[in-house]
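Notes follow the structure.
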Ligand SMILES: NC(=O)c1ccc[n+]([C@@H]2O[C@H](COP(=O)([O-])OP(=O)(O)OC[C@H]3O[C@@H](n4cnc5c(N)ncnc54)[C@H](O)[C@@H]3O)[C@@H](O)[C@H]2O)c1
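Residue numbers (our numbering): 1063 to 1308.
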C-alpha cells in the first residue's frame, strides 16, 4: 500500500471523480478526511470508506479556514496530502463566450480558482509539517486544447495550472510537492449533460480510443501523493489516454 498511514484531505469527495479518488486512496492505506458542500452524500461516501467527513463551501473563505482547523485536529497538525477536486464542473458548458452570465463566471472563479488558492494556503503549514506534503490539483485538458463553449470553466482550470507552478516554487523549499492532473472527458455524472458529439470527439481522437472511466486516472493521483513524487513538482500531467500531448 503506497499511502499507508498518510493523512490526506480530499475536497469534492462526496460524488463523482472525488469519491473515486477517495476510494483508491483508502485502498492504498491513506487516512482520509473528505470534504464537500454535499453533506449527506459526503457522509455516506466517508462511511463507506472508513473516512472522516467535514463540510466545506469552497466559495466561502471562512468555511475553508474552518475546514483546515478541524482537519488539523484530526491529523495532529501534519497533513501529508491535499487533493483539490471540489469545483463547479457541471452544467456550465454548451454556451458561447457571449452567453455566459456574469454571476456564473464570478462563481466559477470563486470556487475553482480562489477556492484552490485558499485551500492550499489554509493547509500550507500542515503540509510543511508533514515533511513530505503533496498537493494534487484537478485541472482539465479542456484548458490545454482550448475547448469551445466552456469558457468560464476552461479559464478557471488554466488558472489552476498556473497556480500549480507558482505554488510549487513557493512551497518547494519546504519540500511540499504541488502537481496538477488534467483529465479529458470521463464517464461521470457531471458529463452526462455534455453533447454526444463532444464525447465522440474524445473517443475517436485519443491515442487509446474509447470512453474513459474515472477509476482509470486514480492510480496516477495516488502516486502523486507519495513521497517519491516530489521530483514532479510543478508539472501538469494530462491523464486523458493521449487526447492532447503537452
Ligand atoms: N468528470 C470529468 O470528465 C472531469 C474532467 C476534467 C476535470 N474534472 C475535474 O474533476 C473534479 C471533479 O469533477 P466531477 O466530474 O466529479 O464533478 P462533480 O460535479 O460530480 O463533482 C464536483 C464535486 O465538487 C463539489 N463542490 C462543488 N462546489 C463546491 C463548493 N462550493 N464547495 C465544496 N464542494 C463543492 C460538488 O458537491 C461535487 O461533489 C473537478 O475539479 C472537475 O473540474 C472532471
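Built from N, CA and C at the ideal position, the CB exists for glycine as well.
In three-state DSSP terms, what is residue 1165? For the purposes of this step, residue 1165 is taken as the residue at position 103 of the chain shown. Residue state, collapsed to three classes: helix.
Would you be able to state if there are at least three C-beta pairs under 8 Å between the stretch 1157 to 1167 and the stretch 1106 to 1122? no
From 1236, 1223, 1238, pick the residue whose C-alpha is nearest to that of residue 1297; which is it? The sequence position of residue 1297 within the chain shown is 235, counting from 1. Considering only alpha carbons, the answer is 1223.
Does residue 1232 pass the burial test, meaning 16 or more other C-beta atoms within 10 Å, or should it be called exposed? Translated into positions along the chain shown, residue 1232 becomes position 170. Exposed.
Integer Cβ distance of residue 1226 from residue 1242, believed to fall under 8 Å: Taking the chain shown and counting its residues from 1, the one referred to as residue 1226 is at position 164. Taking the chain shown and counting its residues from 1, the one referred to as residue 1242 is at position 180. About 4 Å; that satisfies the 8 Å criterion.
Start-to-end residues for the alpha helix (DSSP H) that takes in residue 1123: The count along the chain shown starts at 1 and reaches residue 1123 at position 61. First-last of the alpha helix (DSSP H) with residue 1123: 1123 to 1137.
Where the alpha helix (DSSP H) containing residue 1101 begins and where it ends: The residue labelled residue 1101 in the question sits at position 39 within the chain shown. Segment 1101 to 1111, the alpha helix (DSSP H) holding residue 1101.
Straight-line Cα distance separating residue 1171 from residue 1144: Translated into positions along the chain shown, residue 1144 becomes position 82. Translated into positions along the chain shown, residue 1171 becomes position 109. Rounded to whole angstroms, residue 1144 to residue 1171 spans 20 Å at the Cα level.
Just grab the DSSP bridge partners of residue 1146 for me. The count along the chain shown starts at 1 and reaches residue 1146 at position 84. Answer is 1199.
Mapping the DSSP letters down to three states, classify residue 1115 as helix, strand or coil. In the chain shown, counting from the first residue as 1, residue 1115 sits at position 53. If DSSP states are grouped into helix, strand and coil, residue 1115 belongs with the strands.
By the three-class DSSP mapping on this structure, what secondary structure does residue 1274 have? Looking up residue 1274 in the chain shown gives position 212. Three-state DSSP puts residue 1274 in a strand.
Continuous beta strand (DSSP E) assignments of at least 3 residues falling wholly in the stretch 1209 to 1297: 1239 to 1245
Determine, using beta-carbon pairs with one atom in the stretch 1265 to 1272 and one in the stretch 1188 to 1203, whether at least three such pairs fall under 8 Å. no
Pick from 1291, 1260, 1272, 1281: whose alpha carbon is nearest that of residue 1155? Indexing the chain shown from 1 puts residue 1155 at position 93. Here the closest residue by C-alpha is 1260.
According to DSSP, what are the bridge partners of residue 1065? To locate residue 1065, count along the chain shown from 1; it is residue 3. Per DSSP, none; premise fails for residue 1065.
What's the call for residue 1085, buried or exposed, on a 16-neighbour Cβ count within 10 Å? In the chain shown, counting from the first residue as 1, residue 1085 sits at position 23. Residue 1085 comes out buried.
Consider the C-beta atom of residue 1221 and the heavy atoms of ligand 1; say whether any pair is separated by less than 6 Å. Start at 1 with the first residue of the chain shown, and residue 1221 comes out as number 159. Flag unset: Cβ of residue 1221 not near ligand 1.
Once DSSP output is grouped into helix, strand and coil, what is the label at residue 1158? Translated into positions along the chain shown, residue 1158 becomes position 96. In this structure, residue 1158 counts as coil in the three-state DSSP scheme.
So, with DSSP's three-state summary, where would you put residue 1097? Here residue 1097 is taken as the residue at index 35 of the chain shown, counted from 1. Of the three classes helix, strand and coil, the one that applies to residue 1097 here is strand, per DSSP.
For residue 1072: DSSP bridge partner residues: As a position in the chain shown, residue 1072 is number 10, starting the count at 1. Residue 1072 pairs with 1096, 1145.
Please list, in chain order, all residues of the same chain as residue 1147 whose beta carbon is under 7 Å from its beta carbon, the five residues on each side excluded. Position 85 of the chain shown, counted from the first residue, corresponds to residue 1147. Counting only Cβ-Cβ distances below 7 Å, and skipping sequence neighbours, we find 1072, 1073, 1074, 1075, 1079, 1080, 1083, 1200.
Proximity winner among 1149, 1246, 1188, 1234, relative to residue 1138 (alpha-carbon distances): As a first step, residue 1138 must be located in the chain shown, where it is residue number 76. The residue with the shortest Cα to Cα distance from residue 1138 is 1188.
Just the Cα atoms here: how many angstroms apart are residue 1176 and residue 1219? One-based indexing of the chain shown puts residue 1176 at position 114. One-based indexing of the chain shown puts residue 1219 at position 157. If I take the Cα positions, the gap works out to 11 Å.
Which one or two residues does DSSP pair with residue 1301 in a beta bridge? Translated into positions along the chain shown, residue 1301 becomes position 239. Answer is 1245.
Residue range of the unbroken alpha helix (DSSP H) whose run includes residue 1178: Start at 1 with the first residue of the chain shown, and residue 1178 comes out as number 116. Segment 1177 to 1192, the alpha helix (DSSP H) holding residue 1178.
Taking 7 Å as the cut-off, decide whether the C-beta atoms of residue 1173 and residue 1121 are in contact. On the chain shown, position 111 is the one that residue 1173 refers to. On the chain shown, position 59 is the one that residue 1121 refers to. Contact flag set, yes.
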